[in-house]
Each structure stands twice: as C-alpha cells, then as structure tokens.
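For reference, the structure discussed in these notes is given below.
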Amino acid sequence: MSIKQGDIQLHASRVMDDVPEGGGGPSTVVIESGQENAIMPDISEMDRALGRANMRQLSVGVDTDDRDTYQGSNVIVAKPPEDPNISITLFATGGVYDTRAQAQARLEAYLNKGPEWAGYLYEDHIQGQRVIQIFQRPGTELPAVGKTLVLVGNEGLVNEQIQYVRAIRVTSVERSFTYDTDKDYKAVIVSVEISDALRYGFIGSPASRQFTRQANSVRLRDTVVADAGSYVGVAPLKKAAALGDFTIIAKTIMTQIVPSAQSETPIPATIPYAAAGFPISAAEAVTFSTAQTWNTTTSLALPGGCLPGSLSIVVGGVTLTDKGGILMSGTQQIGLVDYANGVITSSSGNYDGSKTISYRPAAYMQRMPQSSEIRITAENRSQSYTGFITPLPARGTLSFSYRAQGRWYVLSDAGDGALRGTDSSYGAGTYSAETGGFVITLGALPDVGSSIVQHWGVPTQETVQPAADLLISQTIALALPAGQALYPGAFSIAWMDGQTQRTATATAAWQLQGDATGEVRVGRSEVLFAPKLLPAVGTVLDVTVDTAPAVEVNLQHPSRNGQGRLAVSAGQGALVPYTVEVEWNTLTDQAVLGLYTREQLREMGVTLVDPTQIARDDGAGKLMLNGLQVGTVTYATGAVDFNPDVVIKIPKPVYSSSQVSGGGFSGEVAKYRLNYEGIEYLSAPSIYPNDESGYVKIRFRTTGSSTRRTLQVTFAPEFDLVTGVQAPVVPGSVLLMPASGQPWSDDGRGLMRVLTSAGFVTRGSINYATGRVGLTSWTPGNANQLRRAGCTTTLGDAISSAYVFRTAAAPLRPGSLTVQVPRASGGSQNVSAGIDGTITAPGVVGTVDYETGLVRLGFGSLVVAVGNEAEPWYDAANVQPDGKIFKPQPVVASALRYAAVAYAYLPMNADIIGIDPVRLPSDGKVPIFRSGSLCVVGHTKTSSQLVVSNGQIINLARVRLSRVVVRDANGKTLNTGYSVDLEAGLLTFTDVSAITMPVTIEDRIEDMATATDVQISGEITFNRALTHDYPKDGSYVSSALQASDRRARVSLAFAQKTWIDNAWSDALMGQEPPAKYDQGVSPIEITNGGGSTERWVLEFTSTSQFRVIGEHVGVIATGDINAVCSPLNPATGKPYFTIDPLGWGSGWAIGNILRMNTVGALYPFWVVRTIQPGPESGIEHNFSILARGDVNRPQSN
C-alpha cells in the first residue's frame, strides 16, 4: 500500500510548554494544518517588551499499517511569520524522548571551551562579582565587547566548576610591577564587565613576571565555535530567480535563535592597532656558560631578549632548543620561552649544573605594525592563498585575519614560521622569514567583499649595527689654567695596577703608547685613554703635560680662490707641528634626496643638521680630515690652504610599490601602496657656504717656552657604543661580550648589567639618546676587550601610505566613523566617513564596512603623471587613461586615531527569554545555510475561494508541482474527493458531497538542491539549476532537517539469562538462556503507524508470562508466550509491535529477558520561535512547517 499525503502527520509532544519537562516524546495529538495555537501560544505584551524564545517538540509520523519507506524525508520551514521580529528555527537532538532542558542544553552549545586565553584571572574573585580582571602581557589582544570566555575551576576533577561569561564592557590599564626588590616589569590589567554575575568563587593568581598562572588557580579559556546544533530555517528571496539559475540571493543566511537588544558603545580617540613588540635581531649570536639554578620553581634568565628559533642550551649532555615559544628536548615539550624578557621556565626536571647557552640576542620594539590586505572577490575566493610580504616581517609578528560567515578568525606566527589559529579548525599556514613568502589554508571560505587583513612588525626605522670590537675608554678633559693649551713635549699617564706601575706616553703624533692606547686631542685639551688591562675601580691616573698659551684665529666668511679652495693664514709663523686644528662650517646639499623624499623625512620627524668640519695637521704639513688629506699647512708662515667641500652620509627612506588589489580604495581609479621598507644612507655633498654664514677657525701653538703640569684624574670609563652615527640606541638591544666572564646587557631602563649566579649586577649606565656607556664596575686585570654583539639604533617614526585595520568593536553606527590623520605640515586633519562608508577628503581616500568594522585608508592624491617619472613612487603601469597617477603621501601612522560609535548586543535575562544566550553569538543569530546544506526553493500560490463540482478540472497554470493542498470553508485540509496530476498541474474533483464550500487551493513549486557555496551577502549557489521561475514576492529558500528514509523496523533482538543491573545494553551481558525467540520462523512485526524508537525488555515473571518494559515508557503491558502480544501505542492508537506465539521457544525461566530495539518511522524535532523586542505587527503570526519526502509509485496494471 503506497503512502498517501494524508498519511504524513505532525504529532505534538507530551508536554507542549516552556518548562524543563517540556517535550518528552510524541503524544496522541495530531496537529491539523491551519489550527490556531496548535504549536505556539499567543505573544504577550511582555514578550514584545523583553523578548522570548519558545521551544516545542514535534514529530513527523508516517501513519500506515505497513513498513513502506518514506524516502529521503526532510522537514523545512516553508514560510516564516510576516512579522520581521519573529523567527522560526528548527533543529534536532536525535532523541525521541528528550525534554526541553535537554534540547536547550544542545541549543546553547554553539560555543565550547577553547585554548587558554593569553592571560589569567588576576587574584581571587568571589561569587556575585560582575567584573573580572585579567592579567596579561602588554601588546596581547584584549577581549572584545561581546566576546565569550569560559572560567574553569578544578578542571577535569569531580568538583569542576565552569561558567561562560560574555564581555559587555572592556577597559585596560598598563601598570608597573616590581620583582627582586628593585626591578620592574609592565603588565596590562584588563577589567571586563560581564553580562551575568559569577555563580562561583574562583581562585585567581597574583602578578607574575613570567605571565603564568598558579597551578591551583582557575583556567581562563577562549571559546571556539562547536556548533553542536545544526539549525535550519527560512529566508525570503531578495530578488527573483529564473529557470536555469544556479545561484539565488536570499535576504539573509542567518536566523535569530535568541532575542537580543542593542546598546551603543562610544569608541573614543583610539589607535587603530595593537602596539605589539617585535624582535630586532642582534648582529651575531653569543655563547656563554652559566651555573644558574634552574628547575621547575626557578626560571633561567638570559641577559636579555632572545630571537625566536635561535636558542640552544646544552646541559647534562642534552641539547634543548626553542620552537614557537616552547622549550623542546628533541620532540618533547619541557618548558616555555619568554622571548621578550629572556626568561626560560622548565615544566619538568632540574638543570642545576653547568649550562652552555647559545642564542641570538634581540630587542623587542613597541611599534605600529605594517598592514595590508587581500580583497576577497567572487573570482579569487578560495580557502588557500599564497603571496609575499614586503617589507619582510620580524619573526613572530605576522598575522592573517579573515572573516567567514560573519565571524573573524586569526592565524598568527609564533616565531617558528608556522601560522596557527587558537584552534586548529581556524586554518594553518607557513611563512618564510628569508623570502617573505607565505602559504595559508583557511578553516572556511572567506566572505566575499571582506578582506584577509595582514599585520606584521618590521623595524623600518632601526639599524642593526654590525658586530665590532670596542675598547673601554675614558675621554679625559684636562683641567688646564685659563688661556693654556697642550704643548708638544712631555705627556704621560701613570697609574698603579695592584702592585705594578703602569705608564702610557704620547708619540710626536699625539698617539698613546705603552700600557694604554688612545690619542691626545690637542685642540680640545683632552685625551682618549684606554688601558690595555683594566685597573681597579677608583684607580687614580697621574697625567703629566706641557702647556703653553692657546691661540685661536677667527676668520669671518673668507672667500674661495680661483681654484675653489680656501687660502687663509694664522696671522703668524712658527706654528708647532701636530698642534694645528682648522674648523669650518658646511651646508649639506639635500637635492640628492628629491623634494618628495625630503617631505617624507620631515613627516618622520627626521631633521638634517648641517655639520661642522674639524681637520688636523699630521706633523708633516698635511691637513687631514677623517683620514683623508684636504689641504696643507706651512708651519713657517702660518699659511693654510684646503678644499672646504666634503661628502657626508645622509638618511634616505627606501620604498617599493605594490598594486592595491581590487582597483583602489573607492573603486573609481586604480591606486597602489607605497611600501616603506626602512632607511639607507646616501653620499651627499656638504659645501662651504659662499655667503656671510661661512666661517673658519684656526687653533695652533707657536714655538716658545712651556710649563710642565701634573693633574690627577680618577679612572671612570665612558665610551660610545657606535661612532659616527647620531641616532638613539634602542633600549634592550645592547649586548657586550667581555674578554672573559658573562655577557653584559642593558636592562631597557638605562642600566648596564651582568648576570651572575646571584642575579644581575650593575656594570654602569647607558644614555640611549647619545649611545654613551658609563661604567661603574668591572673585573680588574681583565684584558680591555669588549665585543659589541648587539646594538640597534633608531631614527624617526614609521610612515605609511596605506593602512587597513579593524575597529575595536563592530558593527558601527553608519556615519559615526571619524579618522584623525597627521599632516606633514603640522597639526592633523579630521576625516569623516559617509553614510555609504566612503571616506574622501584632500589627501585621504578610503572605505569603511560598518558591519565588520573593516577600515581601508590610503593617503595621497591624483596628480599629472608627466614630470614625475623620476619620483620613487612613479610606475608607468599605474598611469590612468586621463594621464594622472596616484601620488602616495605617507603619514606617520603611529599618530593615526579614530573615533566611532559601535553597537553591541546585550544578552537578555535567561530566565525571562527561556534560553541562556551566553554560549550563543552575541547578536543571537546563527547560520541556517552552509556549504553542503540541503536547500529547498519554493513558492506557494493560493487561489481565491471556489465552489466546485464533481468532474470539474482546475488548471493551476503551473506544471511540475510539488504538492497541492485543498482546504474547505473551515480551513480543514482535505485528503479525499479529488485527484491531482502534479506533472500537468491539473486538479480534478471526483466527490464533493462531503466538502463544505467554498474551497481554497494551494499549489506549490519547489526545487531541492545542495548548496555548494554560501556567502554572508545572502548569495547561495547550488549544485543543480532551478527548474522553475520564482518571483521575488512569496518565494522562499529553506534549509532542511534531513530525516533520511523513514520506516519502522526491529533493529535488535537477543535473549539474556538475567537483566543485569537493569542496564539497557545493546550487547549481551552475562549468559544466554537455553530458550530463544525465533525471528526466522515468526519475525516480530512492526508498522509505521505504531512503531516507536525505543529499547525494550520482555522480562519473564514465570515460565510463560512476561512484562513489557520500555526504556522511556516504562511497564506498558504483560504478555504470555502462548498468545499474541500487541501492546498499544497511545500516541497513534496502533501497536508498538506484535509478537506471534509461534516464535517463542521452550525453556523460558523466571528472570530471563528478551532484549529488543525498535526504530519508529516518527522523526522528532524541535521548533524555536524567537521574538525580538519590538513593536507589534498584527495579531496573526502563522508559519508553515512542511514535511517532505518521496514514496514508491504504485505499480500499474
């Protein structure tokens, strides 16, 4: 017998109410089509004010007395309520007898526990608190408004306490903390206001320099999308679809699963990036040995920061290495590496013996990251992307953010070249630090119209100074009487080195010899002194000198001679060799940089200062400047002749250009990005001025009598880290290796120190602005040898011609974004985005996506291309048809600020709305369409009321219908009295005698297909073409709950000697009894109309009688092996199953059981009606749920 349309019934559950015991399995009530309030109650005024989520369990039944298959059955929401504030969602738990409480738990499991958050709960928190505090490292991501975190106390234990919390307001403050009595470090304290008060007291952890929580404290975890529920729903078409189309556009791909309300959150002037620390590698690696205590409670300290991937520790014959912040022994993880602070923790084992450590030092800079993007279009949309990053990112700084199904995901480099998300499902990739090449595979297809945003750190302003040998030296300013200066003759320095007398004397060329090296600078009456062996701290130097009256001649703007040289005179003769010093000024010709480059240097804050030149005689009549002869000195007459023009090094920004994907920031013209890669130094002429600003000074001594003097000076060495470079030193970048002992490093706060077994010992101080080091302690007797292994200098601020960022919160109120842009000429420019998201102002173009908070900015303007061919930004390929080209005008991106108004979704009270929203998305929406979803596109047409007669044929004017429904004047669905030719679209009435006139006819067309691509815009692509035209009005696309083939069956039957522990086991427990039920002779019968999904026990109470017990329905009947057993299903009025006495064997004993499982044709599912707070829209809120499937065609004769 074939299944007819009337055989498919919708059953109410036993408890149709929003109570914990709601649902509970099918009841006897069959829901008739069009019956008011058969599923959901009316909507109250409070529901409209506060929001509500109603849940009801329904079951689709096949009411036939056989086991015919309802093939490929599925359930859809065919039509939503007309009220836009009401949503209908379906989902299935798989349990026939599940209650509302069980279904609610399944519904709420959209988010699940993820990896530990990059921070921990700061100190203890008590029950009832509505603010939690998080202790985390500066530069790490803050929880966003709307973010859900999970607190887990006693994780994995029987007394585990777990609570999901959602952030509704987030603030942070950076504070300094002290350790080891006199040392400081910085940490960020994040205060997070949460939507629900804490249900438990949670144990936190105190401040920790290693940023590690205590073992007994609560774990703070991120959440990942578990999406345990598969939600289906319906959406109207946004535009009509035509026969043959593979793609339709729905108004949304989401459904409102829980109500939510909006609240506005102002974002005040905010930097558009997280200032993350990135490593700047030292020039060379260092190796040293140490006997520091190192175990699970005491960390191993390096002299300073460490470059990821460079660490090697040899201890006890084992080599330990680092990998992405993890300390590895081979393939085993044994600890953690804090690269920025140079702290290594062990999670297992003690390593207290001698250790040989090799690593490359690194300074960690807080800099604005570079940014770029890959725009996602329908053509380039993929899960895999490759490319190159320029300029090359520093290790551990590269991240990719992408948006899929309306949610952002991030893949980051931990320093080992591997790109990972906080959960493996987010995707993965690799990055080459040598080439900048990357390969990423995303966890899902990104949304069309979004971007893959790239952020990375790069030391564009920093110069890694090469490794060099330095001398510990002191520049001694000789305190001579006024008017006196050094005179050739006796010059010596004597000092005691323990019991040994040390002496250094000056050669005729004023170079030190003997027990020290250095030089005497006669013109300035100072001496550079560097002893070959370091004396004791506080050693007194006895300096013996000859002095004579100092002579200086000032010449105001002397003119060049015919050869372009300066020929001047000291005004007297008999000059003493090695005492002549000539000083003059020069003006640097910056034209070599070009106007555009000079503008960018000014934007960076770099000022080029015209230098002063000082040349000295070599004792043989040559005037020398920086090792090169520039003129001559005639000692007898005092004549000086020299070339005053020199060549110096000046900084120049290094650029490269790259096309901005997608044709520009606003789409009308192609623009491109000017990549700023750093600083190089060019040779530039520095010319003696030909106007009145030029001057020359000549200092010298003349032959005559001298006076011998003895001075005493305490040895207090102070020396330059880098000579010839006027640029500040990056704090934390200095590492010096002495001739013996441990490395010296700077602490980032101005102290030089050495790490000993007792901790850090101060060696002196460093002036970061000048790069000068002053020492206060050292090891006496050591050779004066100091290797500069690490030192980085910096210059100015980084500039950028394009910047892409995500706002701190999203969505944004349209028109609320304002960007403050610094200008090279000084001051700033405020630029506001339009309602349509465009940003246009002089020198600034861009867009903002208000929904995602993605902002794209470009700085520059269109100029005539002709005449700019020599500019560094010019590329002929970028010239527009109108002859113009986009000229980038980089700005100091670290000075960018933005302000906006974001709106957040406030979670509603769970007790009122009926569902706890914290584990669901903050806006209460979940996707109902995904790639792979089974979808149904449909349109239902309803005729006007008709009075029909026998034999009347109604042409429904459409062919290949999916179904026809006839209702009488009372709205009752009729299953008899007519026949339908669906293919031809003809309805024939055969018997109208029992029909109450007039009738209403509904005919429906449908197409079922699998979604191959779903985009957040509502665009859904199918694997097959549509076979009908679908008008915009009245057409819907539904995702389907797949119920598969439905037919009743007995899936399991076996005998067991006793019912052990009343366990509902699907496998034999204990022994089999001698007796059996022979399914081969007399199979247990079941029908679609009566069968249910249940586990059964037939327990013998005598040798022939038994009780019938269901796992969910309990004891429902008694039976005898000598009679037919057909217990009645009260939900359908038909037997659950039928057991014929012929199947029973003999030998049954008291306590024996027959275990069997039945699978019914019923398919249970849950309906969620979500009411958003808002105004009422009418009093009728009907919706249509459609059970669909195929049946076997009846055989024709």
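Here the sequence shown is numbered in full-length UniProt numbering, starting from 1 and rising by one per residue.
Yeah, the Cβ is synthetic: ideal placement off N, Cα and C, and Gly gets one too.
This one's a predicted model, so the numbers in the text were calculated from it and none came from an experiment.
Item: Phe700 versus Asn561 - alpha carbon distance; Value: 23 angstroms
Item: Three-way DSSP call (helix, strand, coil) for Met46 in this model; Value: helix
Item: Runs of beta strand (DSSP E) wholly within the stretch 384 to 430 (minimum 3 residues, chain order); Value: 384 to 388, 399 to 404, 407 to 413 and 418 to 420
Item: C-beta contact flag for Ser943 and Glu82 at 8 angstroms; Value: no
Item: DSSP three-state assignment for Asp17, whether helix, strand or coil; Value: coil
Item: Length-filtered (4 minimum) alpha helix (DSSP H) runs lying within the stretch 1006 to 1087; Value: none
Item: Beta-carbon proximity check, Leu623 vs Thr632, cutoff 8 angstroms; Value: yes
Item: Cut-off 6 angstroms between Cβ atoms - residues of its own chain near Lys939, not counting five sequence neighbours on either side; Value: For the record, residue 939 in the displayed sequence is His; it is not Lys. Within the same chain, His939 has close Cβ partners Ile1005, Tyr1030, Gly1034 and Ser1035.
Item: Backbone secondary structure at Asn159 - three-state DSSP; Value: coil
Item: Local Cβ density within 10 Å of Leu1128, reported as buried at 16 or more and exposed below that; Value: exposed
Item: Three-state secondary structure assigned by DSSP to Val630; Value: strand
Item: Pairwise C-alpha distance: Glu21 and Asn1152; Value: 34 angstroms
Item: Within 8 angstroms, strictly: CB atoms of Ile376 and Thr1170; Value: no
Item: Residues near Leu471 by beta carbon distance below 6 angstroms, same chain, minus five either side; Value: Ala530 and Asn784
Item: Secondary structure of Gln102, DSSP reduced to three states; Value: helix
Item: Local Cβ density within 10 Å of Pro890, reported as buried at 16 or more and exposed below that; Value: buried
Item: Candidates Gly971, Glu379, Arg823 and Ile1020: closest to Gly34 by CA position; Value: Gly971
Item: Leu237, buried or exposed, once every other Cβ within 10 Å from all chains shown has been counted against 16; Value: buried
Item: Exposed unless 16 or more other CB atoms sit within 10 angstroms - verdict on Ile389; Value: buried
Item: CB contact flag (Ile39, Ile31, <8 angstroms); Value: yes
Item: Val730 and Ala363 closer than 8 angstroms at C-beta; Value: yes
Item: Tyr681 burial status per 10 Å Cβ neighbour count (16 or more: buried); Value: exposed
Item: Exposure label - Gln5; buried when at least 16 CB within 10 Å; Value: exposed
Item: Simplified DSSP assignment, three categories, for Ser894; Value: helix
Item: Residues bridged to Phe211 [DSSP beta-bridge criterion]; Value: According to DSSP, which records beta bridges pairwise, Phe211 is partnered with nothing at all.
Item: Contacting residues, own chain, Cβ-Cβ under 7 angstroms from Tyr200 (five flanking each side not counted); Value: Gln127, Gly153, Gln161 and Gln163
Item: Separation of Pro279 from Tyr695, as counted between CA atoms; Value: 46 angstroms
Item: Residue of Ile203, Asp515 and Val545 minimising C-alpha distance to Lys532; Value: Asp515
Item: Rounded separation between Gly564 and Ile799 - CA only; Value: 41 angstroms
Item: Rounded distance between the beta-carbons of Tyr70 and Arg963, thought under 8 angstroms; Value: Between Tyr70 and Arg963 the Cβ distance is about 14 angstroms, and since that is not below 8 angstroms, they are no contact.
Item: Contact the stretch 806 to 814 vs the stretch 549 to 558: 3+ CB pairs below 8 angstroms; Value: no
Item: For Ile8, three-class secondary structure by DSSP; Value: strand
Item: Neighbourhood of Val173 by C-beta, 6 angstroms cutoff - its chain only, sequence neighbours within 5 removed; Value: Ile189
Item: Cα-Cα separation between Val660 and Gly406, rounded to whole angstroms; Value: Because the pLDDT at Val660 is just 42, under 50, the model does not fix this residue reliably, and the value given afterwards should be weighed accordingly. In a straight line, the C-alpha of Val660 is about 24 angstroms away from that of Gly406.
Item: Rounded Cβ spacing between Val77 and Tyr1163 (contact assumed at less than 8 angstroms); Value: Wrong, their Cβ atoms sit about 15 angstroms apart, outside the cutoff.
Item: Per DSSP, the bridge partner or partners of Arg1169; Value: Asn54 and Ile88
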